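>
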Amino acid sequence: MLTRRDSLRLLAGVAAGVTAVQARPAAAGTRTWTVTGQSAPALQPFDDTLKSFMQARAIPYASLAVVCQGRLVLARGYNWTENTSPQAGPTSLFRLASMSKPVTATAIMKLVQDGSLSLSAQVAPMLGLSTAADSDLGDVTVLHLLQHVGGWDSDESFDPMFRDLAIRDGLQVPLPVTQANIMDYTSQFELDDDPGTHYAYSNYGYMLLGKVIEEVTGLPYDTYVRQNVLSPVGIQRMVLGRSAQSLRQPTEVTYSSQYTGTTVLDSSGDLVPFQYGAFNLENMAAHGGWLSSAVDMAKFTTIFDAPGLLTSSSIAQAFAQPDIVNPDGWYYGLGWLVRPVTGGLNTWHDGSLPGTSTLMVRRWDGLSWVVLFNQRDDPSGLGYGDIDLLLHQAADAVSPWPTTNLFADYGL
């Protein structure tokens, strides 16, 4: 019987299901810095931070939204490009990547809250997953998936969400592979860990949560989320993204990466820009597929500020400490990373795909922000996760905070 670790030997030399090749950088042109949207003079530290961060990494487009005590006080688009149009603005759509996970977790919590689903429900029988390779798969629950303790560890073996070519070959199916193909393939291998015993971030686990939502509701995943999570708080612009550049939304930014890879969208074997076909965004819907503006995700953070869509009990459960806590003190709740700090909790989630880098933060003192970039790699070699500390520093430099609320200006 093949274990997931055995599969690494079979897949040697295939990184993330494709071969990544560094593309030749385009000739440098003259870039212009422009800022769109609304802010206030006291919030200049945020503008300054985004300008220096983006220019150091040659990031073309970004958007930032900042919330203070439930009020939208900053809604910006930032542009460092050779083009005068289109310009990124506060309502421009960006791929959220793994910032999609809190959206999926919220949908699951809503189903639990409404009595339609139990956190202790076993996933394999619900979704028809074969447990022949590992009977422990039958013990994996919805709660395990939410907290990334289902037993899949991509550091130990592989992330099936980026193994399209191996799945094609292993199952002898055509490209593009489907979510059903991914489940059939992954169920052929033993779990890396016993369910509930080890935290290991799992895209696949959240893909399964999307299938749970469909099974319980009888609706497509995105339909249920839009009708029962997003629309009730006024969010109307969010949609699932598409892999191909030709299928991007009218208000969606383009994405930049210095890498290319073999397409997984068809059997042509063509080399494509990595962000446009070297991974299958459609299959990543529940763990990485949403498109959103910064202001819409800023509104999403307010779901967790007070009872409304979710009850106070559900909100507390989202941030409750699980059995497994990182030695550094942080833990993964239900769709959110959580760190206890003096005064309360800091909660956040980031996202990363070729062409995308995102971050959403809810701070203990009532401040929240969402920043979205259309790039995650560049020849500078500088880190993109550095924006986390820099935005905390920008927030700490603000005084006084504006009392305006811009949500209504953006239909929220």
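Note that full-length UniProt numbering has the sequence shown beginning at 1, numbered continuously upward.
Every residue gets a Cβ at the ideal spot worked out from N, C-alpha and C, and that includes glycine.
Keep in mind that this is a model prediction, so the values were computed, not measured.
#1: Just to confirm, are G128 and V140 a CB contact at a threshold of 8 Å?
#2: Counting only the same chain and skipping the five closest in sequence on each side, list residues whose C-beta sits under 6 Å from that of S314.
#3: Tell me which residues share the same chain as G70 and place their Cβ nearer than 7 Å to its Cβ, disregarding the 5 neighbours each side in the sequence.
#4: Give the range of the alpha helix (DSSP H) segment to which G205 is assigned.
#5: Give me the Cα-Cα distance between T91 and N405, rounded to the nearest whole angstrom.
#6: According to DSSP, what are the bridge partners of R362?
#7: Based on Cα-Cα distance, which residue from R242, A200, S116 lies nearest to P176?
#8: Need the endpoints of the beta strand (DSSP E) that R168 sits in, please.
#9: Excluding the 5 residues flanking I387 on each side, which residues of the same chain have their C-beta closer than 7 Å to its C-beta?
#10: Hey, L265 and N280: beta-carbon distance below 8 Å or not?
#11: My assumption, with CB atoms under 8 Å, is that A88 sits in contact with V295. Please give the rounded CB distance.
#12: Helix or strand or just coil, what does DSSP make of S135?
#13: If you run the structure through DSSP and keep just helix, strand and coil, what is Q38?
#14: Closest to residue 413 by CA distance: which of K211, L389, L74 is it?
#15: Take Y384 and list the residues in its own chain whose beta-carbon comes closer than 6 Å to its own, dropping the five residues that flank it on each side.
#16: Have a look at L209, Y201, S154 and flag the residue whose alpha-carbon is nearest the alpha-carbon of E190.
#17: By how many angstroms is the C-alpha of G261 removed from the C-alpha of P250?
#18: What is the DSSP secondary structure of L143, reduced to helix, strand or coil?
#19: State buried or exposed for T403, treating a residue as buried only when at least 16 other CB atoms are found within 10 Å of its CB.
#20: For Q44, which option in L74, M183, G333 has the closest C-alpha, if you only look at C-alpha atoms?
#21: Note down the Cα distance separating A286 from A397, rounded to an integer number of angstroms.
#22: Going by other Cβ atoms of all chains shown within 10 Å of its Cβ, with 16 needed for buried, is V341 buried or exposed?
#23: In the DSSP output, which residue or residues are listed as bridge partners for T262?
#24: What residue range does the alpha helix (DSSP H) around R57 cover?
#25: Would you list the residues sitting across from R376 in a DSSP beta bridge?
#26: How would you label A394, buried or exposed, when you count the other beta carbons within 10 angstroms and need 16 or more for buried?
#27: Roughly how many angstroms lie between the CA atoms of I324 and L137, to the nearest whole one?
#28: Use the C-beta contact count for L50: other C-beta atoms within 10 angstroms, 16 or more gives buried, fewer gives exposed.
#29: Report the partner residues of S292 according to the DSSP bridge assignment.
#30: Does the distance from the C-beta atom of F94 to that of N374 stay below 8 Å?
#31: I'd like to know whether the C-beta atoms of L117 and V216 end up nearer to each other than 8 Å.
#32: Give me the DSSP bridge partner(s) of A75.
#33: Residues in its own chain within less than 6 Å of D409 by CB, not counting five upstream and five downstream?
#34: According to DSSP, what are the bridge partners of W80?
#35: Whose C-alpha, out of K101, F300, A244, H198, is nearest the C-alpha of S368?
#36: Short of 6 Å in beta carbon distance, which residues of its chain neighbour Q38, apart from the five on each side in sequence? Order them along the chain.
Taking the definition as stated:
#1: Stepping through the sequence shown from its first residue, residue 128 is reached at position 128. Stepping through the sequence shown from its first residue, residue 140 is reached at position 140. If you check the CB distance, G128 and V140 do not come in under 8 Å.
#2: If you number the sequence shown from 1, residue 314 lands on position 314. Closer than 6 Å at Cβ, skipping near neighbours: M109, Q113.
#3: By 1-based counting over the sequence shown, the position of residue 70 is 70. Only T302, D305 meet the Cβ criterion.
#4: Here residue 205 corresponds to residue number 205 of the sequence shown, with the count starting at 1. Where G205 is concerned, the enclosing alpha helix (DSSP H) stretches over 203–217.
#5: Taking the first residue of the sequence shown as position 1, residue 91 is located at position 91. Taking the first residue of the sequence shown as position 1, residue 405 is located at position 405. Counting only the Cα atoms, N405 lies some 16 Å from T91.
#6: To locate residue 362, count along the sequence shown from 1; it is residue 362. R362 is bridged to T347, S368.
#7: Here the question's residue 176 lines up with position 176 in the sequence shown. Nearest in C-alpha terms to P176, of all of R242, A200, S116, is R242.
#8: To locate residue 168, count along the sequence shown from 1; it is residue 168. Boundaries around R168 are those of the alpha helix (DSSP H), 164–171, since no beta strand (DSSP E) includes it.
#9: By 1-based counting over the sequence shown, the position of residue 387 is 387. Cβ-Cβ distances below 7 Å link I387 to F53, L359, V371 in the same chain, with the five nearest sequence neighbours on each side left out; the list follows chain order.
#10: Taking the first residue of the sequence shown as position 1, residue 265 is located at position 265. Taking the first residue of the sequence shown as position 1, residue 280 is located at position 280. Taking 8 Å as the Cβ cut-off, L265 and N280 qualify as a contacting pair.
#11: Here residue 88 is taken as the residue at index 88 of the sequence shown, counted from 1. Here residue 295 is taken as the residue at index 295 of the sequence shown, counted from 1. V295 and A88 do not touch by the CB rule: their CB atoms are close to 12 Å apart, not below 8 Å.
#12: Stepping through the sequence shown from its first residue, residue 135 is reached at position 135. Residue state, collapsed to three classes: helix.
#13: Reading the sequence shown from its first residue, position 38 is the one you call residue 38. Strand, per DSSP.
#14: In this structure the chain extends from 1 to 412, so residue 413 is not present and cannot be described.
#15: Your numbering for residue 384 matches position 384 in the sequence shown. Cβ within range, chain order: S357, R376.
#16: For this step, residue 190 is matched to residue 190 along the sequence shown. Out of L209, Y201, S154, S154 has the C-alpha closest to the C-alpha of E190.
#17: As a working mapping, residue 250 is identified with position 250 in the sequence shown. As a working mapping, residue 261 is identified with position 261 in the sequence shown. Each residue's CA atom was taken as its position, placing P250 and G261 some 25 Å apart.
#18: In the sequence shown, residue 143 corresponds to position 143, counting from 1. L143 falls in the helix class under three-state DSSP.
#19: Along the sequence shown, one-based indexing puts residue 403 at 403. Label assigned to T403: exposed.
#20: Residue numbering aside, residue 44 sits at position 44 when the sequence shown is read from its first letter. Ranking L74, M183, G333 by Cα distance to Q44 puts L74 first.
#21: Residue mapping note: residue 286 aligns to position 286 of the sequence shown, counting from 1. Residue mapping note: residue 397 aligns to position 397 of the sequence shown, counting from 1. The straight-line gap from Cα to Cα measures roughly 36 Å.
#22: As a first step, residue 341 must be located in the sequence shown, where it is residue number 341. Note on V341: under 16 other CB atoms within 10 angstroms of its CB, so exposed under the neighbour-count rule.
#23: Residue numbering aside, residue 262 sits at position 262 when the sequence shown is read from its first letter. Partner(s): L271.
#24: Counting from one through the sequence shown, the residue named residue 57 turns up at place 57. R57 -> alpha helix (DSSP H) spans 44–57.
#25: The count along the sequence shown starts at 1 and reaches residue 376 at position 376. Paired residue(s): none; R376 is not in a bridge.
#26: Translated into the one-based positions of the sequence shown, residue 394 becomes position 394. Of the residues assessed, A394 falls on the buried side of the cut-off, its CB having 16 or more other CB atoms within 10 angstroms.
#27: What you label residue 324 is simply residue 324 of the sequence shown in a count that begins at 1. What you label residue 137 is simply residue 137 of the sequence shown in a count that begins at 1. Looking at the two C-alpha atoms, the distance is approximately 19 Å.
#28: Here residue 50 corresponds to residue number 50 of the sequence shown, with the count starting at 1. Classification for L50: buried.
#29: Here residue 292 corresponds to residue number 292 of the sequence shown, with the count starting at 1. Under DSSP, S292 takes part in a beta bridge, and its partners are F94.
#30: Here residue 94 corresponds to residue number 94 of the sequence shown, with the count starting at 1. Here residue 374 corresponds to residue number 374 of the sequence shown, with the count starting at 1. Yes, these two residues count as a Cβ contact at 8 Å.
#31: Translated into the one-based positions of the sequence shown, residue 117 becomes position 117. Translated into the one-based positions of the sequence shown, residue 216 becomes position 216. Yes, Cβ-Cβ distance for L117 and V216 is below 8 Å.
#32: Working through the sequence shown from its first residue, we reach residue 75 at position 75. Residue pairing of A75 in beta bridges, as defined by DSSP: Q38, A65.
#33: The sequence position of residue 409 within the sequence shown is 409, counting from 1. Hits under 6 Å: none found.
#34: Your numbering for residue 80 matches position 80 in the sequence shown. W80 is bridged to W33.
#35: As a working note, residue 368 is residue 368 in the sequence shown. Nearest of K101, F300, A244, H198 to S368, Cα basis: F300.
#36: Taking the sequence shown and counting its residues from 1, one reaches residue 38 at position 38. Within its own chain, the residues whose Cβ lies closer than 6 Å to the Cβ of Q38, once the five positions on either side in sequence are excluded, are A75, L406, listed in chain order.
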